[in-house]
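> Convert by adding 2 to the 1-based position in the sequence shown; the result is the number in the working numbering.
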Amino acid sequence: MNEMSRTVLLEIPRDRVRSTSGAGFTSKRQLTFISRAIEQRFDLRVLTAFRDSQQLTDLESGLRALLVRRFAGLVVDARMSFPTSDHALVWVTLGVVPDATSADVKEHVTNFLLDSQIVCDGIEFLSPALPEPSTIAILRTVKTHAPVALDGIAADLRKRGMPSPSDRWLAGRLDSARKRGLLVRQKIGTYILTAAGLQIVPHNRSGSSSDVDRMLAMAKRRQW
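Here it is, written out as structure tokens:
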């Protein structure tokens, strides 16, 4: 298990996979069922990697060593699954949030596999799981940019390094705050804080206060 990305990798010998499960064997249908059960119960992502031979396992080890050495501090692990003996799917685990360097990582992976006469069917980056934005952080964004729509709130949270898991998740948090009387959703879909919401958002006289953020945002929009 990779705790940073909340991901579990199941390595399955291909000769143990059959059309139907039985003693000592499993099936793709059973693997799908098990993966979903793990994801739902433990809130983890499950990846399934199939193995054909020691040669392919050694190939994975070589790629991992190359990437970890070449991109020290960025790449912490690399795993592969082989749908067939000459095709591969690659998962690269990063120690930090992806940046422009990720393109170089993709190029190294693709070239490494081509040299081994393996077609790369896809590369996916697994990033550290970021903390979900708190209710206070969401309310501060609303205060700063009000009246502000859902997409504007999501964009500001991403800019501040606190991306929401999804728009649906964020809408749920906003609705919960609305029911608590902390904000109001206007008819056009924008949000503003209530007096109760304003009272719980931290504010002080420092340059990083929510009041200063609000004035700067209004100045950009020329709204006073």
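Even for Gly, the Cβ is constructed at its ideal location relative to N, Cα and C. A quick note: this is a predicted structure, and the numbers were derived from the prediction, not measured.
1. Span of the alpha helix (DSSP H) holding T112?
2. Is D79 near the ligand HEM, with its Cβ less than 7 Å from a heavy atom?
3. Cα separation between W226 and I202?
4. Quick check on I125: does DSSP put it in helix, strand or coil?
5. In angstroms with no decimal places, state the Cα-to-Cα distance between M164 and R43.
6. Checking 8 Å against the spacing of the C-beta atoms, do L176 and I138 come in under that value?
7. Cα separation between V10 and A39?
8. If I follow the unbroken beta strand (DSSP E) through V77, where does it start and stop?
9. Where DSSP assigns a beta bridge to I155, which residues make up the other side?
10. Among E126, P133, L185 and T22, whose alpha-carbon lies nearest the alpha-carbon of P149?
11. Under a three-way DSSP split, which group does E13 fall into?
12. Please return the same chain residues whose Cβ sits closer than 8 Å to the Cβ of R19, not counting the five positions on each side in sequence.
13. Pull up the distance between the alpha-carbon of W171 and that of A198, whole angstroms please.
14. Given this structure, state the Cα-to-Cα distance separating D45 from T95, to the nearest angstrom.
15. Among the candidates L91, F35, V98 and V111, whose CA atom is the shortest distance from the CA of R72?
16. By Cβ distance below 8 Å, which residues in the same chain neighbour A157 in space, the five residues on each side in sequence not counted?
17. Determine the contact status of L245 and D123, defining contact as a CB-CB distance below 8 Å.
18. Alpha carbon to alpha carbon, how far is F84 from F127?
19. Are the CB atoms of L195 and K145 within a distance shorter than 8 Å?
20. Going by DSSP, what residue range makes up the beta strand (DSSP E) through A2?
From the atom records:
1. To locate residue 112, count along the sequence shown from 1; it is residue 110. From DSSP, the alpha helix (DSSP H) with T112 extends over S104 to D117.
2. This structure simply doesn't include the ligand HEM, nor any ligand for that matter.
3. Walking along the sequence shown from the start, residue 226 turns up at place 224. Walking along the sequence shown from the start, residue 202 turns up at place 200. With a pLDDT of only 45 at W226, under 50, the local geometry of the prediction cannot be trusted, and the value read off the model is given with reservation. C-alpha of W226 to C-alpha of I202: approximately 23 Å in a straight line.
4. By 1-based counting over the sequence shown, the position of residue 125 is 123. Residue state, collapsed to three classes: strand.
5. Taking the sequence shown and counting its residues from 1, one reaches residue 164 at position 162. Taking the sequence shown and counting its residues from 1, one reaches residue 43 at position 41. The straight-line gap from Cα to Cα measures roughly 25 Å.
6. Position 174 of the sequence shown, counting from 1, holds the residue named residue 176. Position 136 of the sequence shown, counting from 1, holds the residue named residue 138. In this structure, I138 does not lie closer than 8 Å to L176 by Cβ.
7. One-based indexing of the sequence shown puts residue 10 at position 8. One-based indexing of the sequence shown puts residue 39 at position 37. Approximately 13 Å between the Cα atoms of the pair.
8. Within the sequence shown, numbered from 1, the residue matching residue 77 stands at position 75. V77 to T86 is the extent of the beta strand (DSSP E) around V77.
9. The count along the sequence shown starts at 1 and reaches residue 155 at position 153. None; I155 has no bridge partner.
10. Stepping through the sequence shown from its first residue, residue 149 is reached at position 147. The option with the nearest alpha carbon to P149 is L185.
11. Position 11 of the sequence shown, counted from the first residue, corresponds to residue 13. Of the three classes helix, strand and coil, the one that applies to E13 here is strand, per DSSP.
12. Locating residue 19 in the sequence shown gives position 17, where the first residue counts as 1. Contrary to the premise, residue 19 reads as Val rather than Arg in this sequence. The residues are F27, T28, S29, K30, L33 and F52.
13. On the sequence shown, position 169 is the one that residue 171 refers to. On the sequence shown, position 196 is the one that residue 198 refers to. Cα to Cα, W171 sits roughly 23 Å from A198.
14. Residue 45 sits at position 43 when you count from the first residue of the sequence shown. Residue 95 sits at position 93 when you count from the first residue of the sequence shown. Distance between the alpha carbons of D45 and T95 is about 18 Å.
15. Indexing the sequence shown from 1 puts residue 72 at position 70. Selected option, being the one with the closest Cα: V111.
16. In the sequence shown, counting from the first residue as 1, residue 157 sits at position 155. No residues qualify anywhere along the chain.
17. Residue coverage of the chain in this structure runs from 3 to 226, which leaves residue 245 outside it and unanswerable.
18. The residue labelled residue 84 in the question sits at position 82 within the sequence shown. The residue labelled residue 127 in the question sits at position 125 within the sequence shown. Distance between the alpha carbons of F84 and F127: 17 Å.
19. Residue 145 sits at position 143 when you count from the first residue of the sequence shown. Residue 195 sits at position 193 when you count from the first residue of the sequence shown. A contact, by the Cβ cut-off of 8 Å.
20. The chain is shown from 3 up to 226; residue 2 falls before or after that span and cannot be answered.
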